[in-house]
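Take 1 as the starting number for the sequence shown in UniProt numbering and just add one per residue.
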Amino acid sequence: MKFRWDNRYLHWGVTAFLVIAASMLFYYGIFHMKTLIVGIKTFLGIMAPIIYGVILAYILSPLINLFEQKLIYPQLEKHNIKLQKKGKRAIRWGCVLFSMFLFWIIIYALLMMVLPQLIRSIMSIIYSFPYYVKVIEKWLNSFVEHGWKLNPEMLDMINQYSVKAQEYLTTDILPQMQDMLKNVSAGIFDILIFMKNFLIGAIVALYVLADKEKFVAKSKMMVYAILPHKWANMLIRVMRFTDKTFGGFIYGKLLDSAIIGVLCYFGMLLLDLPYPILISVIIGVTNVIPFFGPYIGAIPCILLILVVDPIKGLYFAIFILLLQQFDGNILGPKILGESTGLSSFMVIVAIMIGGGLFGVPGMIAGVPVFAVLYALIWRLINHSLNDKKMPAEEETYINIDCLDEQTGEVLPLCKEEKHKVSPEELEARKNNFFMKIWNPLSGLVITIWKYLLRILNIIWGYIKKAGIFLKNRYVELNNKREKNK
Numbered sequence: 001m002k003f004r005w006d007n008r009y010l011h012w013g014v015t016a017f018l019v020i021a022a023s024m025l026f027y028y029g030i031f032h033m034k035t036l037i038v039g040i041k042t043f044l045g046i047m048a049p050i051i052y053g054v055i056l057a058y059i060l061s062p063l064i065n066l067f068e069q070k071l072i073y074p075q076l077e078k079h080n081i082k083l084q085k086k087g088k089r090a091i092r093w094g095c096v097l098f099s100m101f102l103f104w105i106i107i108y109a110l111l112m113m114v115l116p117q118l119i120r121s122i123m124s125i126i127y128s129f130p131y132y133v134k135v136i137e138k139w140l141n142s143f144v145e146h147g148w149k150l151n152p153e154m155l156d157m158i159n160q161y162s163v164k165a166q167e168y169l170t171t172d173i174l175p176q177m178q179d180m181l182k183n184v185s186a187g188i189f190d191i192l193i194f195m196k197n198f199l200i201g202a203i204v205a206l207y208v209l210a211d212k213e214k215f216v217a218k219s220k221m222m223v224y225a226i227l228p229h230k231w232a233n234m235l236i237r238v239m240r241f242t243d244k245t246f247g248g249f250i251y252g253k254l255l256d257s258a259i260i261g262v263l264c265y266f267g268m269l270l271l272d273l274p275y276p277i278l279i280s281v282i283i284g285v286t287n288v289i290p291f292f293g294p295y296i297g298a299i300p301c302i303l304l305i306l307v308v309d310p311i312k313g314l315y316f317a318i319f320i321l322l323l324q325q326f327d328g329n330i331l332g333p334k335i336l337g338e339s340t341g342l343s344s345f346m347v348i349v350a351i352m353i354g355g356g357l358f359g360v361p362g363m364i365a366g367v368p369v370f371a372v373l374y375a376l377i378w379r380l381i382n383h384s385l386n387d388k389k390m391p392a393e394e395e396t397y398i399n400i401d402c403l404d405e406q407t408g409e410v411l412p413l414c415k416e417e418k419h420k421v422s423p424e425e426l427e428a429r430k431n432n433f434f435m436k437i438w439n440p441l442s443g444l445v446i447t448i449w450k451y452l453l454r455i456l457n458i459i460w461g462y463i464k465k466a467g468i469f470l471k472n473r474y475v476e477l478n479n480k481r482e483k484n485k
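Structure, rendered in structure tokens:
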């Protein structure tokens with residue numbers, strides 16, 4: 001008897017395979033979590049060059065589209081020049097190679113701007129460290145000379161922590177120096193591995209960019225061959241939405257960070273602040289990380305300038321605060337717009353989860369990934385509400401109390417609640433409840449407010465003294481510099 005092929009067998013086989021594979025992953029995920037994590041890390045380590053290549057190709061793809069669709073092909077059409085397949089292939093490879101060349105030129109320029117100044121800054125800090133220690137000692141002595149008295153509790157705390165710091169240095173840090181050297185050597189080895197994988201990834205990116213339309217077409221063929229038309233169309237729409245969300249966020253964030261870095265550089269030149277190129281590059285690069293990036297970059301830069309000149313460090317802190325306010329309220333919304341559709345709370349959650357799982361790359365990619373998942377979940381919710389013929393507008397559910405179980409009508413106040421409690425009785429209950437809460441707490445609130453005002457007055461007094469002290473020190477330093485000159 002001749003066997004006749006039936007597509008149902010294929011669907012059953014694929015379904016059985018997926019169920020068995022999911023069951024095995026679920027079992028290993030629960031009982032062999034460490035082994036599963038090691039396996040995932042090993043797989044990602046093997047696939048690292050390909051992953052880097054795909055990411056690099058995704059970043060450079062709009063640049064190639066710009067060269068082809070905005071510069072080259074319009075000029076060819078203008079002069080009625082028609083190309084054969086080989087001619088189009090040559091143009092594609094030329095655009096790919098030129099885009100890759102521009103990418104490496106930008107990387108080289110950034111490294112040449114940052115590395116020399118970074119080395120000079122570190123060497124300057126190392127050579128000037130004894131001088132900074134003497135300056136701190138003079139400051140402490142001047143505190144005493146100007147009548148600044150520390151409380152006995154503060155002195156005890158300083159002595160206690162100084163002893164603990166000395167014990168920590170002798171008992172913990174010194175024995176761990178060998179381990180630290182091992183970690184440094186391991187870090188250098190990891191950097192070399194990353195550079196090797198990235199170079200291989202750049203080669204992979206060349207071939208991905210050269211045939212990107214073919215890869216997309218073959219992926220669609222596989223989707224339509226395996227899935228039903230309805231699910232295939234849905235998956236392709238999801239991938240288009242993912243590409244739009246990722247592309248809008250990544251490219252917009254890169255442009256926003258570049259503008260912030262340039263503005264920071266010119267602002268530092270106008271304010272005559274030290275290390276303008278180094279600090280501007282750090283601010284621009286860390287600004288790629290949403291929400292936390294500006295603080296990650298600003299804090300070490302402020303400390304670096306404070307070591308050189310405290311007054312200029314204060315100027316830089318004020319300048320970077322104003323710059324980040326401009327970025328967060330004006331520049332960022334103009335460039336990014338509503339590319340993610342997430343609230344500030346959800347952005348923080350996405351960054352925390354992404355950073356906790358994958359480090360800095362997770363902090364950058366966590367927001368668009370979370371935005372895609374959020375949009376997909378809400379599409380399912382809206383689809384379910386439409387099937388139930390319920391309103392899908394968020395404003396409808398703000399003041400809703402319940403839905404009529406028979407008609408599905410939105411009721412602002414449940415009918416049963418109306419019959420049970422009258423408005424007068426409900427108002428009386430509220431008044432009694434608030435009076436019971438307020439009477440015992442009113443005295444406590446007044447006492448806390450009084451102590452808070454005292455604390456604020458003390459802090460304000462210290463701030464004024466610190467301002468006068470810094471001003472005097474600044475005048476003394478200027479006088480010494482003029483005498484030395």
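Heads up, the beta-carbon is just placed ideally off N, CA and C, and yes, glycines get one too.
- When only Cα atoms are considered, residue 306 and residue 314 end up about 8 Å apart.
- Residue 64 places its beta carbon less than 8 Å from that of residue 96.
- CA-to-CA, the gap between residue 326 and residue 269 works out to about 19 Å.
- Taking every protein chain shown into account, the CB of residue 253 has 16 or more other CB atoms within 10 angstroms, so this residue is buried.
- Per DSSP, residue 384 is one residue of the alpha helix (DSSP H) stretching across 344 to 387.
- Closest by C-alpha distance to residue 213, out of 267, 88, 294, is 88.
- Classified as exposed, residue 21 has fewer than 16 neighbouring CB atoms from the shown chains inside 10 Å of its CB.
- CA-CA distance, residue 215 to residue 93, rounds to 16 Å.
- With contacts defined by Cβ atoms closer than 8 Å, residue 392 and residue 399 do not form a contacting pair.
- Secondary structure of residue 71 (DSSP, three-state): helix.
- In the DSSP assignment, residue 229 falls within the alpha helix (DSSP H) that extends over 229 to 271.
- With 16 or more other Cβ atoms from the protein chains shown falling within 10 Å of its own Cβ, residue 260 counts as buried.
- Spanning the alpha carbons of residue 350 and residue 289 requires a straight line of approximately 12 Å.
- Judged by their CB atoms, residue 61 and residue 209 are nearer to each other than the 8 Å cut-off.
- A buried status is given to residue 324, since no fewer than 16 other beta-carbon atoms sit within 10 Å of its beta-carbon.
- Look at residue 327 here: in three-state DSSP terms it is helix.
- When the Cα atoms are used, residue 189 and residue 279 turn out to be separated by approximately 27 Å.
- Taking C-beta atoms as the reference points, residue 367 and residue 249 count as a pair closer than 8 Å.
- Look at the beta carbons and you see the segment 77 to 87 not touching the segment 230 to 250: under three pairs across the two are nearer than 8 Å.
- Around the CB of residue 319, 16 or more other CB atoms lie within 10 Å, so the residue is classed as buried.
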